[in-house]
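In the working numbering, the protein residues as written are 59 to 673. A virtual CB, placed ideally from N, CA and C, is assigned to each residue, including glycine. For reference, the structure is listed below as structure tokens.
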């Protein structure tokens, strides 16, 4: 896997997305306790047919993974050995496979090693889990009672989540929906939940003037001219002076933009036609346009088109035979053909400009298309995390929305609050976007310190001091929690960050799980460089085991040890005051200048930000 995948994906998604069908309210949501009470009466006993279907689904997932192994070649042998591939396929050929072996394979698939997050492995893991669960539940009389308990608790959790959008409650809902899906129960209830909590969770608006500022560039090029115009061999120099810019083209279902080059070609040429030499100067005003479209499938572009007119000034007509009569004939013919020659010269100039625009733009656009495919689209598809998104353009702005659900996650329950402050970029993000994406990439994953530092190096070009190990300190490794491995909550002018490790290692010593939690208050103020927005931490870090109750529970010695280590390490990351520095775009976007967050607000699960170029 490419090292830059996660880093580039996080960066790019922060500014990319799509325009979708936005429902402004969720007034049609049913009363969850009533709906769940009705669903509790509809338990469906698990049958032999359910187990048979699950087994066929598992075999199909195995076939897909086998095809992936064949493409990988010798590299797949290590995975096959790890997954006990020979024994697994042999068991699935039996009428009644050994469930203990399948459970061992499931444990290995869920071990958190890098690569196991890919869809080809995740599909097999899920299919094994479902087949084993249904096989063991077949004939189990207690399943119906457990079903009723799950549905009853789900109704209470949904009611709470509707009011609070608390990510912890959302995780509990995910677990209960997961249980119902594995057991093949309550499909209508599950569909209603996903429909209700599947509103877009990212909205972005980018003003045209900001996009234009990144693409505006003067054009000043000198080129050789050699054309055949009305049978005359025309040679000389052309000087192109103009401006390149960008225009948004209205489109409801894609980002449609035009690269526009406007300018004038100043030419100084000599035309050779028989004994005559025609010396002329001309001006050719032109406008070239190249349409570029962006959709979820990627970037596409059309050949450039150009419109031009030529106005020429005949400086002299000379003949090689030193005949005044021939020279007069040459003058008359030159002026007689002047209009036709100007028309043809304009067409020739259009083709030259079109070729130049395509030559200069196509290579850059092809690289951008490849980067999107390799660093964003394909990595997300490989993990089953590609979001539902659309994008549109008007004459004044590019608008985007994203619905990132991840693996069974919930989206926003409603549209974002109105954003009254205007800016070059307006961004509204629901905490479910970040949490679903982080869970899809990191949930249950084992991450070594060296890997995290490499990701930071790939993304930032350096390893921040906060991520560097103290001298003499042993390297650490973490296995993230399956749910909410790194999670945020946006509410009441605050931003809460959680880091949830299921197991920690320092060197080769393992330590029990701990959750690290920091709460920040968003403040606007004035610093040394002028107005600034900062995050001010409220109180100390909270570092405790999962579900720890300080009034009831006590920390063990090993828990106290890892708690002290985490407090020291995370104090460097979650500082008491974090000043939000300007964002410095790279490449083409660097021309637009550093971006300053001029407005930041969190409310009801939404983080609203406005960004403007630094003055």
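- With respect to the 8 Å criterion, residue 153 and residue 190 are not classified as neighbours on the basis of their beta carbons.
- Residue 481 is positioned such that its CB atom lies closer than 8 Å to that of residue 670.
- For residue 664, DSSP records a beta bridge to 488, 661.
- Taking C-beta separations shorter than 7 Å and ignoring five residues to either side along the sequence, the partners of residue 532 in its chain run 564, 565, following chain order.
- Under a 10 Å Cβ-count criterion, residue 448 is classified as buried, with 16 or more other Cβ atoms of the shown protein chains found around its own Cβ.
- Residue 491 places its beta carbon 8 Å or farther from that of residue 521.
- For residue 146, the uninterrupted alpha helix (DSSP H) segment begins and ends at 143-150.
- For residue 268, the enclosing alpha helix (DSSP H) stretches over residues 266-273.
- Its Cα nearest to that of residue 344, the residue 300 stands out among 312, 300, 361, 386.
- Your pair residue 497 and residue 542 checks out as a contact, with CB atoms roughly 6 Å apart and the cut at 8 Å.
- A check of alpha carbon separations from residue 407 across 310, 324, 550, 122 identifies 324 as the nearest.
- Minimum Cα-Cα distance from residue 655 among the listed residues 668, 552, 478 corresponds to 668.
- Pairing residue 205 with residue 214, the inter-Cα distance amounts to about 15 Å.
- Of the candidates 441, 514, 629, 548, the residue whose Cα lies closest to the Cα of residue 172 is 441.
- The C-alpha of residue 297 lies about 7 Å from the C-alpha of residue 278.
- For residue 379, there is no enclosing alpha helix (DSSP H), since its DSSP letter is neither H nor E.
- Selection 351, 457, 501, 193 evaluated against residue 265 yields 457 as nearest (Cα-Cα).
- Residue 493 is a Cβ neighbour of residue 225, given a cutoff of 8 Å.
- Counting the other Cβ atoms within 10 Å of the Cβ of residue 113 gives 16 or more, which makes it buried.
- In chain order, 333 place their CB closer than 6 Å to the CB of residue 378, counting only its own chain and leaving out the 5 sequence neighbours on each side.
- In the DSSP annotation of this structure, the continuous segment of the alpha helix (DSSP H) that includes residue 138 starts and ends at 134-140.
- Contact holds between the region 363-378 and the region 335-353, because three or more Cβ pairs, one in each stretch, are under 8 Å apart.
- For the pair residue 138 and residue 169, the Cα-to-Cα distance works out to about 15 Å.
- A distance below 6 Å between beta-carbons, with the five flanking residues on each side excluded, links residue 488 to the following residues of its chain, in chain order: 259, 470, 663, 664.
- Taking 8 Å as the cut-off, the beta carbon of residue 309 is found closer than this to the beta carbon of residue 450.
- Spanning the alpha carbons of residue 107 and residue 201 requires a straight line of approximately 17 Å.
- Nearest in C-alpha terms to residue 423, of all of 389, 410, 362, is 362.
- The C-beta distance from residue 283 to residue 292 rounds to 7 Å, short enough to fall under 8 Å.
- In the three-state reduction of the DSSP assignment, residue 618 falls in the helix class, which pools H, G and I.
- Remark: C-beta atoms of residue 261 and residue 474 approach each other more closely than 8 Å.
- Taking C-beta atoms as the reference points, residue 504 and residue 535 count as a pair closer than 8 Å.
- Nearest to residue 243 by alpha-carbon distance, out of 100, 547, 552, 315, is 100.
- About 6 Å separates the beta carbon of residue 163 from that of residue 142, a gap short enough to meet the 8 Å contact definition.
- Around the beta-carbon of residue 666, 16 or more other beta-carbon atoms lie within 10 Å, marking it buried.
- Within the same chain, 337 come within 6 Å of residue 374 by CB-CB distance, once the 5 residues on both sides are set aside.
- Closest in C-alpha terms to residue 557, from the list 608, 574, 230, comes 574.
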